[in-house]
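2 protein chains.
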Amino acid sequence: MTHIDINKPILDKNDKLAQSNRELLQEKKVFALDLMASPGAGKTTTILATIEALKDRYKIAVIEGDIASNVDALKIKAAGIPAIQINTGGICHLESDMIRSALDQLPLDELDFIIIENVGNLVCTTEFYLGEDAKVMILSVPEGDDKPHKYPGIFQTSKAVLISKIDTLPVFDFDREDFETTVKSLNPKAPIFPVSAKTGEGMEEWIDWLTAQIDKVKFA
Amino acid sequence: MTHIDINKPILDKNDKLAQSNRELLQEKKVFALDLMASPGAGKTTTILATIEALKDRYKIAVIEGDIASNVDALKIKAAGIPAIQINTGGICHLESDMIRSALDQLPLDELDFIIIENVGNLVCTTEFYLGEDAKVMILSVPEGDDKPHKYPGIFQTSKAVLISKIDTLPVFDFDREDFETTVKSLNPKAPIFPVSAKTGEGMEEWIDWLTAQIDKVKFA
Numbered sequence: 004m005t006h007i008d009i010n011k012p013i014l015d016k017n018d019k020l021a022q023s024n025r026e027l028l029q030e031k032k033v034f035a036l037d038l039m040a041s042p043g044a045g046k047t048t049t050i051l052a053t054i055e056a057l058k059d060r061y062k063i064a065v066i067e068g069d070i071a072s073n074v075d076a077l078k079i080k081a082a083g084i085p086a087i088q089i090n091t092g093g094i095c096h097l098e099s100d101m102i103r104s105a106l107d108q109l110p111l112d113e114l115d116f117i118i119i120e121n122v123g124n125l126v127c128t129t130e131f132y133l134g135e136d137a138k139v140m141i142l143s144v145p146e147g148d149d150k151p152h153k154y155p156g157i158f159q160t161s162k163a164v165l166i167s168k169i170d171t172l173p174v175f176d177f178d179r180e181d182f183e184t185t186v187k188s189l190n191p192k193a194p195i196f197p198v199s200a201k202t203g204e205g206m207e208e209w210i211d212w213l214t215a216q217i218d219k220v221k222f223a
Numbered sequence: 004m005t006h007i008d009i010n011k012p013i014l015d016k017n018d019k020l021a022q023s024n025r026e027l028l029q030e031k032k033v034f035a036l037d038l039m040a041s042p043g044a045g046k047t048t049t050i051l052a053t054i055e056a057l058k059d060r061y062k063i064a065v066i067e068g069d070i071a072s073n074v075d076a077l078k079i080k081a082a083g084i085p086a087i088q089i090n091t092g093g094i095c096h097l098e099s100d101m102i103r104s105a106l107d108q109l110p111l112d113e114l115d116f117i118i119i120e121n122v123g124n125l126v127c128t129t130e131f132y133l134g135e136d137a138k139v140m141i142l143s144v145p146e147g148d149d150k151p152h153k154y155p156g157i158f159q160t161s162k163a164v165l166i167s168k169i170d171t172l173p174v175f176d177f178d179r180e181d182f183e184t185t186v187k188s189l190n191p192k193a194p195i196f197p198v199s200a201k202t203g204e205g206m207e208e209w210i211d212w213l214t215a216q217i218d219k220v221k222f223a
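Protein chains in written order, with my numbering: chain Z, 4 to 223; chain D, 4 to 223.
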């Protein structure tokens, strides 16, 4: 099987600009979260629930990455939060230059927390450092408990793992214990948060963890 | 926003070998289906149900594409069907050279139908022609009805669209009419098959369509 490493020069260029994004965010004391998941795992829904929980505590903005359309940015704006939509054309992940264009349009001096919603993809998104403080991933119950075996990279790269749509456990054949054991074997340090944006289950633990991360940067 | 077309030379090379795969399959009168979907949309489950429906009528083999692991190939082999597992390393799609390696290991003279399960991805998979007769995609109800807006390419490339896990419609907020209207606007010719491998709903229509496609090649 042929593995062609087409990504190397692009990654080098990407990483340099990501580092510059990092420095800009640090200077402005803004915590940036890169949220990764499959299409339809509930990224936007989780972001909306997270905004609802944190909007009185922090000034928040969202950068939306999609192949096409602006449906997600419209949902975020409807919640009264500034949102920048990036359309990647055919590219299956965000890159640091796209994030830089978005940062240049945001009032960084007034912000505490930027949520980057990456393109729905369990593969490409993990390989591109954007300058974020943390990558976090969501795996939804309907996707199945075998995903850590099939997409180990994203589980290893994530600082925390959310299991979304946890309210649908009774409908699907999802072995939560087996899933958590495999995730722990790939990434022993990452906390796992089972959540349901629908019922609110588990949101408190996720929000507590996130608040601690944001505060570390805000009060650095 | 920068769009770097890193794919062009690789696509040219890919397409040449894909054409050669195409000729080989045609010569052997084997129908090859490239099945694409998000992670966890139910590709393997749909394949198993399809095998169950067609195994007495056709000689079938499966080529499994995954970043890592062989869990899917093991499931197919447990159903008594030859399966070749391709691990792409980090690559988010199958390419024609990987398919050729798999074809070289299969008894093509004895086969009627090869199902290629592509890597779980709504983006990269659509761009690579493998030599297949048809690309078909699955969108599962839990992923949401907005996916055609966000990933138009895969809906345009697919010869048929399956809506899987249709039995979970009552649990999710999925507007089937809106979804089908958008798919029809992107791809007026593709039939849409709502299916549930769990309850068997809709499988007959999908199997009938597929049988017609396979027979066109087998009796060409």
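Every residue, glycine too, gets a C-beta built ideally from N, C-alpha and C.
- The Cβ-Cβ distance between Asp136 of chain D and Ala35 of chain D falls below 8 Å.
- DSSP places Lys187 of chain D outside any beta strand (DSSP E); the residue lies instead in the alpha helix (DSSP H), whose first and last residues are 179-189.
- Chain D has no Cβ within less than 8 Å of the Cβ of Ser199 of chain Z.
- Counted as a single uninterrupted DSSP element, the beta strand (DSSP E) harbouring Val139 of chain Z occupies residues 137-143.
- Counting C-beta pairs with one atom in each stretch, the region 157-176 of chain Z and the region 188-203 of chain Z have three or more that are closer than 8 Å, which means they touch.
- DSSP places Asn17 of chain Z in the helix class (H, G or I) of the three-state scheme.
- Shortest Cα-Cα distance from Val186 of chain Z to any of Z:Thr202, Z:Val198, Z:His152, Z:Ala81 involves Z:His152.
- Near chain Z, meaning a CB-to-CB distance below 7 Å, the residues of the region 133-157 of chain D are Ser143, Pro145, Glu146, Gly147, Asp149, Lys150, His152, Lys153, Tyr154, Pro155, Gly156.
- In the three-state reduction of the DSSP assignment, Asn124 of chain D falls in the coil class.
- For Glu130 of chain D, the residues of chain Z that pass the 9 Å Cβ criterion are Gly93, in the order they occur in the chain.
- No Cβ-Cβ contact shorter than 8 Å links Asn24 of chain Z with Ile87 of chain Z.
- Residues of chain D whose Cβ lies closer than 8 Å to the Cβ of Gly203 of chain Z do not exist; the shortest such Cβ separation is about 16 Å.
- Between the alpha carbons of Glu183 of chain D and Gly43 of chain Z lies a gap of roughly 17 Å.
- The shortest CA-to-CA distance from Glu98 of chain D to any of D:Ile141, D:Leu133, D:Ala200 is the one to D:Leu133.
- In the DSSP assignment, Pro151 of chain Z falls within the unbroken alpha helix (DSSP H) covering 150-153.
- Straight-line spacing of the CA atoms in Asp59 of chain D and Ile118 of chain D works out to 16 Å.
- Annotation for Lys168 of chain D: Gly45, Ser143, Val144, Pro145, Ser199 place their beta carbon closer than 7 Å to its own, counting only its chain and skipping 5 residues before and after.
- Beyond the five residues adjoining it in sequence on each side, Pro155 of chain Z comes within less than 6 Å, by CB distance, of Leu189 in the same chain, given in chain order.
- If you compare the alpha carbons of Z:Asn124, Z:Thr129, Z:Glu113 with that of Thr128 of chain D, the shortest gap goes to Z:Asn124.
- Apart from the 5 residues on each side of it in sequence, Ile70 of chain D sits with its Cβ closer than 8 Å to the Cβ of Asn90, Thr91, Gly92, Gly93, Ile94, Cys95, Val122 in its chain, given in chain order.
- Note that the C-beta distance between Ile63 of chain Z and Leu57 of chain Z is below 8 Å.
- Around the beta carbon of Thr47 of chain Z, 16 or more other beta carbons lie within 10 angstroms, which makes this residue buried.
- Taking CB atoms only, Pro191 of chain D has no neighbour in chain Z less than 8 Å away.
- When D:Leu14, D:Glu30, D:Ala223, D:Asp211 are compared, the shortest CA-CA separation from Asp112 of chain D is found for D:Glu30.
- With respect to the 8 Å criterion, Leu38 of chain Z and Ile50 of chain Z are classified as neighbours on the basis of their beta carbons.
- For Asp100 of chain Z, the CB contacts under 8 Å within the same chain, skipping 5 residues up- and downstream, are Asn17, Leu20 in chain order.
- Contact between Asp170 of chain D and Glu204 of chain D is confirmed by a C-beta separation of about 6 Å, below the 8 Å threshold.
- In this structure, the alpha-carbon of Gln108 of chain D lies about 27 Å from that of Val126 of chain Z.
- Just so you know, the alpha carbons of Lys138 of chain Z and Ile195 of chain Z end up roughly 13 Å apart.
- Chain order gives the chain Z residues near Lys168 of chain D as Pro145, where near means a beta carbon separation below 8 Å.
- For the pair Phe116 of chain Z and Ile217 of chain Z, the CB atoms are nearer than the 8 Å cut-off.
- Leu125 of chain D belongs to the set of residues whose beta carbon lies under 8 Å from a beta carbon in chain Z.
- Met206 of chain D sits away from Ala81 of chain D, with the two beta carbons spaced by 8 Å or more.
- Of all residues in the region 66-79 of chain D, only Asp69, Ile70, Ala71, Ser72, Val74 come within less than 7 Å of chain Z when Cβ atoms are compared, listed by chain position.
- Each of Z:Leu106, Z:Phe158, Z:Ser41, Z:Asp148 was checked against the Cα of Glu26 of chain Z, and the nearest Cα belongs to Z:Leu106.
- Judged by their CB atoms, Gly68 of chain Z and Glu130 of chain Z are not nearer to each other than the 8 Å cut-off.
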